[in-house]
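The sequence shown begins at 267 in this note's numbering and counts up by one. The block underneath contains the structure these notes are about, expressed in structure tokens.
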Amino acid sequence: MRTPTSHSSVSPASTTGDAPVFDTTPTATEPTLSPAELAPYIQHTRIEPNASRDDMVAHAQETITHGFNAAMVPASWVPLVAAELRGTGIGVASALDFPTVGVMTSAGKAAEAAEIARLGATQIDIGVQIGWLKSGMYDEFREDIAGVVRASGLPVKVMLELPLLTDAEKEAAVELAMEAGAAYLKNASSGQIETANPTSVRYLVDRARDGVLVKASGSIKSYGQALELLRAGAVLLGTSAGISIITDTGDASTTSY
Numbered sequence: 267m268r269t270p271t272s273h274s275s276v277s278p279a280s281t282t283g284d285a286p287v288f289d290t291t292p293t294a295t296e297p298t299l300s301p302a303e304l305a306p307y308i309q310h311t312r313i314e315p316n317a318s319r320d321d322m323v324a325h326a327q328e329t330i331t332h333g334f335n336a337a338m339v340p341a342s343w344v345p346l347v348a349a350e351l352r353g354t355g356i357g358v359a360s361a362l363d364f365p366t367v368g369v370m371t372s373a374g375k376a377a378e379a380a381e382i383a384r385l386g387a388t389q390i391d392i393g394v395q396i397g398w399l400k401s402g403m404y405d406e407f408r409e410d411i412a413g414v415v416r417a418s419g420l421p422v423k424v425m426l427e428l429p430l431l432t433d434a435e436k437e438a439a440v441e442l443a444m445e446a447g448a449a450y451l452k453n454a455s456s457g458q459i460e461t462a463n464p465t466s467v468r469y470l471v472d473r474a475r476d477g478v479l480v481k482a483s484g485s486i487k488s489y490g491q492a493l494e495l496l497r498a499g500a501v502l503l504g505t506s507a508g509i510s511i512i513t514d515t516g517d518a519s520t521t522s523y
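Following this line, the structure appears as structure tokens:
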């Protein structure tokens with residue numbers, strides 16, 4: 267078993283075009299950003315298997331209308347959404363080895379990443395091999411991520427599924443992901459694993475090396491919750507409730523993944 271080293275073996279992919287830096291010192295009564303001003307931090311997500319072509323076109327148009335950071339869509343819809351967003355400067359994001367993480371082979375994951383990039387994605391979120399990490403297979407865990415970084419040439423966001431890990435495994439996962447060239451660390455893949463919270467975000471921010479950023483994901487539903495995550499140090503928020511957040515209409519009954 268090989269323990270993580272403290273240096274990066276693969277350089278992180280470019281993070282050009284990310285959300286603006288958030289002022290982490292707003293007062294409690296005077297938040298830095300209004301609900302509408304959160305849009306550039308939100309990756310507008312639609313990944314339902316029953317979404318139609320018209321649904322995905324509408325999703326892309328919502329991303330443009332509201333000025334979201336990116337449209338997060340299934341790989342099969344990347345060409346369509348990329349065409350809709352062409353020339354807007356808005357990102358096209360997709361995910362692989364997801365929603366059930368750690369089920370793809372490393373070779374398959376790298377090949378899919380290369381294809382997603384070819385189709386027009388500008389960034390990729392990936393699941394990780396939790397079982398390998400728990401088995402002490404650190405080299406394999408790292409290379410699984412590094413293969414995607416190399417094959418895609420895109421910024422890669424690594425979904426670490428923190429609630430599934432022990433304290434020691436969390437430390438190893440963060441270090442190995444950075445060694446592999448991850449551009450972003452994520453607390454979880456969805457709300458089924460964890461509701462995004464400031465504690466998990468700060469955990470990642472405190473351990474991220476220069477140039478590595480943090481994305482929060484998991485049942486982000488409201489303006490107040492989103493603002494707390496940004497204050498904790500996240501620079502991107504993955505949510506399907508972006509419109510509810512920026513209109514300050516989201517509450518506990520709002521659906522979000």
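Even for Gly, the Cβ is constructed at its ideal location relative to N, Cα and C.
Closest Cα partner of residue i within the set the options
| i | options | result |
| --- | --- | --- |
| G355 | T388, L346, A361 | T388 |
| A383 | L493, V394, A361 | A361 |
| K375 | V415, P340, S318, A518 | V415 |
| S488 | T329, E460, T513 | T513 |
| S544 | Q458, S510, D476 | Here the chain has residues from 267 to 523 only, and residue 544 is not among them. |
| S300 | A500, G490, T505 | G490 |
| T331 | E350, V339, D320, P345 | E350 |
| A324 | A462, V347, G508, G353 | V347 |
8 Å CB neighbourhood of residue i in its chain, flanking five on each side removed
| i | result |
| --- | --- |
| E435 | L399, K400 |
| I411 | I392, V394, V422, V424, L442, A443, A446, G447, A448 |
| E381 | A341 |
| Q327 | E350 |
Same chain, Cβ closer than 6 Å to residue i, neighbours up to 5 away in sequence not counted
| i | result |
| --- | --- |
| R264 | Residue 264 cannot be examined here, being either before or after the span of the chain that is shown, 267 to 523. |
| E378 | L362 |
Any chain B beta carbon closer than 8 Å to residue i
| i | result |
| --- | --- |
| G333 | Judged by its chain identifiers, the structure shown contains no chain B, having just a single protein chain. |
Residues near residue i by beta carbon distance below 7 Å, same chain, minus five either side
| i | result |
| --- | --- |
| S372 | E409, D410, G413 |
| A474 | L451, V480 |
| P365 | S455, S456 |
| E460 | L428, P429, N453, A454, S466, G484 |
| G499 | T290, V467, R468, V471, V480 |
Any non-hydrogen atom of the ligand FAD within 7 Å of residue i CB
| i | result |
| --- | --- |
| F407 | Of the ligands one can find in the structure shown there are none, so the ligand FAD has no counterpart to examine. |
According to DSSP, residues forming a beta bridge with residue i
| i | result |
| --- | --- |
| V467 | Answer is none; V467 lacks a bridge partner. |
| K481 | K452, L502 |
The region 424–443 touching the region 401–414, judged by at least three CB pairs closer than 8 Å: Touching, per the Cβ criterion.
Given 8 Å, three or more beta-carbon pairs between the region 311–321 and the region 494–501: Taking 8 Å as the limit for Cβ pairs, the verdict is that the region 494–501 does not touch the region 311–321.
Sequence ranges, beta strand (DSSP E) only - wholly within the region 399–459, length at least 3: 422–425, 450–452
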